[in-house]
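Just below is one structure, and these are the notes that go with it.
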Amino acid sequence: MVILLSAGILFFTIIIHGLVVTCLYSLCIGAVRNARNLSGVARLCLTYVFVLGFVFAHFFEIVIWAVAYRALGALESMEEAVYFSAVTFATIGYGDVTLSGGWRIGSAIEGVNGILLFGWTTAFLFKVSGTLWFIEDNEKPKPGQR
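Each residue of the sequence shown is one higher than the one before, counting from 1 in UniProt numbering.
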């Protein structure tokens, strides 16, 4: 039961993350495509939009896990649940707050969830940063092109 519920939460957060990626990309694609015409400050502001958007997305995903822990009685308070979820999602794992027997596997699944979503965020930011900041590299002809 815990594995199914945890897998459902993982799937739900992946959907949320995909929606955030899509929204951020749709919101800023015109500016990203015309990065050559943007000042350095404008490029930096666009970078901030992406970074802050992902920070909020990750926080929301952490809270989803925390609400599940709290709703199922795995942790005593919402503050404790958010703290535990953040530490687990970020795979820090301090160990000062732990779950009882059955929910330990759920926290492991949350750790996997965090690794995947942080990796997705990193890959996306890497691509956006390359497009915004390394325009000259993007314009070089590929081998076999003129």
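We put the beta carbon where it would ideally sit given N, CA and C, even for glycine.
Would you grab the beta carbon distance between residue i and residue j for me? Rounded to a whole angstrom, and I think it's under 8 Å.
{"i": "E61", "j": "T13", "result": "4 Å"}
{"i": "I9", "j": "A68", "result": "6 Å"}
On a CA-only basis, which of the options is nearest residue i? Give me that one, please.
{"i": "S6", "options": "G93, I64, F118", "result": "I64"}
{"i": "I3", "options": "V112, K127, V128, G144", "result": "V112"}
{"i": "K127", "options": "Y25, M1, F11", "result": "Y25"}
Could you check the C-alpha separation between residue i and residue j for me, to the nearest Å?
{"i": "E110", "j": "A74", "result": "14 Å"}
{"i": "V41", "j": "S100", "result": "49 Å"}
{"i": "A90", "j": "I115", "result": "7 Å"}
{"i": "Y94", "j": "M78", "result": "18 Å"}
{"i": "G18", "j": "L125", "result": "14 Å"}
{"i": "S107", "j": "L46", "result": "34 Å"}
{"i": "T131", "j": "L44", "result": "12 Å"}
{"i": "G30", "j": "F56", "result": "22 Å"}
{"i": "V20", "j": "R70", "result": "25 Å"}
{"i": "G102", "j": "F50", "result": "37 Å"}
Got a sec? Which residues, its chain only, sit under 6 Å from residue i by beta carbon, not counting five neighbours each side?
{"i": "A66", "result": "A81, V82, S85"}
Between residue i and chain D, is any beta-carbon pair separated by less than 8 Å?
{"i": "V51", "result": "Absence of chain D from the displayed structure is noted, only one protein chain being present."}
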